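Counting from 7, one number per residue, gives the positions in the sequence shown under this note's numbering.
In this text, a Cβ means the ideal position worked out from N, Cα and C, and glycines have one as well.
Fair warning: this is a prediction, and the values are worked out from it, not measured in the lab.
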Amino acid sequence: MDEAECWTCTIVRAHGLQLMRPERSWRPIVTIEVDKTGALFHETVLGSDGQNVNMKDVFRLHGADLASQVDVKIFHRSQSKKKGKKKTLVASCTCSLGEMWKRDGINAKLELRLQCQNPTNRSVASRGRPQKGALLHLKLRPPPSFPSPTELALAEDEEGYDSDSSSASSSCTVVTPTVAEVRPQPTLRRRRRVRGYAVNSDEEAESYSETDDDDPELDEVKPFNFDGEDRRDVLSAPVKILFSPIAWVAAQLLPQYSAPIPISPYPPSYNFAQRTISTFTRYSELQDARTESKQEQIYDSIRSEWAYTAGFLGTLSGVNAAIFSLSPDSLFEVSPLAEKAVVAGIIAAVLGIVSTAWLWLRYGYADCETFFRRATDILSVENKPSFFFFALSARIPGLLSFISGGGLLLFFIVIAWNSWPAAVVVGCFGVGLLMGLQWLVFCVLWSVRTARKVWRFLAGRGPAKDEDVSEKC
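This is the structure in structure tokens:
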């Protein structure tokens, strides 16, 4: 959608939030999310007085309409230097875009009354209290092609005036001035008495509804006619049919079926290389991390992964070093293949420890903001950072730990094969069968289905061939 043809929203300031926290001055964090999908999300930090210091920060609501739900939340974050600090919800408000536009229209300041949250901490509850008059001022601008509330009201008035004038002109041609002086008796309609449906009833046509003739007053009342015409047609009010942009298509006009829509796990803008690297790295998560909460979550997850990988590599290095200390006249005979497997495992473990140490020195000891700033690479463009090479580098320790563990596993298999080959074959076959049982069942089912199709194809062509031969004869 064109940026000129979309709704825009600007946060102006917040009122009544100063006494909700025990701190003397704190900076509210305002977030706006449309339809809770995560695609339309905006976050800004206000000043300690509640004023927005950057009025040029405009939130564009691409694809939003009057039925879209707008969630406004205000958070508080501690100003201490403690890592991993989280945001605390202070106040919130939820309403539709149509309600906001219908209530305030194009006013300079759109006021949203916030619902304050009760503090859960005892120390905060003793010094801070929720405020009843907490407000948030916004500037809401519709697309240029969208009609304003005044234009909609004028259109409704003009339609009502046209219908009134047409009904008045038609009534003047029929009714004389004496009609206003003589007030006729109102016409009473007879009530209908609804009866229940009777199965196998001969009076099925009369079972739907009958007129109630038991009331004598209804029989005495007669409609008032003037000049041979029904008075109800003269005094009936005109019917107004007003169209509003808020009125949508009725539900019964929509189709009652829906086809499954295939949803790709990756954005359509990803190329083949980006989709491939996203299958075994955190590239897609890094690219989609737009809010501070998601960035902190990914930051903690990557650091935890590096810590576990470093411990695992240290364990593998110790086991490989112990294998090197075996003497030639030990209980087990070490073959050349086993020696090469141990050497490959040691090399991979050492390289993994070195790469993990470099990643910790470069990224692990920095804060979240510095972490993401250093993680961007040369493929980044304006307002669109790229984490392609960092995603590859972050997975190097895990890949090397896998290689080191594979070398150690190959060493043990070779040693066990030299000592007891039958046990190795049975053990590997049993574990492989259980781990790959799903693929084995899939292959069996696929083979059975293919055999059935081939049999049906051959059985269907056999009689046809006999008929062709008989016709030729």
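Item: Cβ-Cβ separation, residue 304 to residue 295 (assumed contact under 8 Å), whole Å; Value: 5 Å
Item: Inter-residue Cα distance where the pair is residue 253 and residue 97; Value: Per-residue confidence for residue 253 stands at a pLDDT of 49, beneath the threshold of 50, marking its modelled position as unreliable; the derived number appears in the next sentence. Their Cα atoms are separated by approximately 31 Å.
Item: The stretch 447-465 touching the stretch 366-382, judged by at least three CB pairs closer than 8 Å; Value: no
Item: Simplified DSSP assignment, three categories, for residue 20; Value: strand
Item: Nearest neighbour of residue 395, chosen from 148, 298, 380 and 320 [CA to CA]; Value: 380
Item: Burial state of residue 461 (16 or more Cβ within 10 Å); Value: exposed
Item: Residue 83 versus residue 33 - alpha carbon distance; Value: 8 Å
Item: Contact check, residue 14 vs residue 147, beta carbons under 8 Å; Value: yes
Item: Own chain residues within Cβ distance below 6 Å of residue 47, not counting five before or after; Value: 39
Item: Within 8 Å, strictly: CB atoms of residue 59 and residue 35; Value: no
Item: Identity of the residue in 143, 101, 42 and 102 nearest residue 16 by Cα; Value: 143
Item: Length of the line joining the Cα atoms of residue 393 and residue 354; Value: 25 Å
Item: Cβ-heavy atom distance, residue 459 to the ligand ATP, below 7 Å; Value: Because no ligand of any kind appears in the structure shown, any question about the ligand ATP cannot be addressed here.
Item: 6 Å CB neighbourhood of residue 302 in its chain, flanking five on each side removed; Value: 374
Item: Secondary structure of residue 11, DSSP reduced to three states; Value: helix
Item: Within 8 Å, strictly: CB atoms of residue 358 and residue 326; Value: no
Item: Inter-residue Cα distance where the pair is residue 398 and residue 279; Value: 12 Å
Item: Simplified DSSP assignment, three categories, for residue 414; Value: helix
Item: Nearest neighbour of residue 319, chosen from 406, 442, 11 and 438 [CA to CA]; Value: 406
Item: For residue 85, the three-state DSSP class (helix, strand or coil); Value: coil
Item: Within 8 Å, strictly: CB atoms of residue 400 and residue 362; Value: no
Item: CA-to-CA distance, residue 31 to residue 78, given in whole angstroms; Value: 22 Å
Item: Proximity to residue 314 [Cα-Cα], best of 270, 328, 382 and 366; Value: 366
Item: Those residues which DSSP pairs with residue 65 across a bridge; Value: 15
Item: Alpha carbon of residue 391 to alpha carbon of residue 429, nearest angstrom; Value: 54 Å
Item: Proximity of residue 417 and residue 329 at Cβ, strictly below 8 Å; Value: yes
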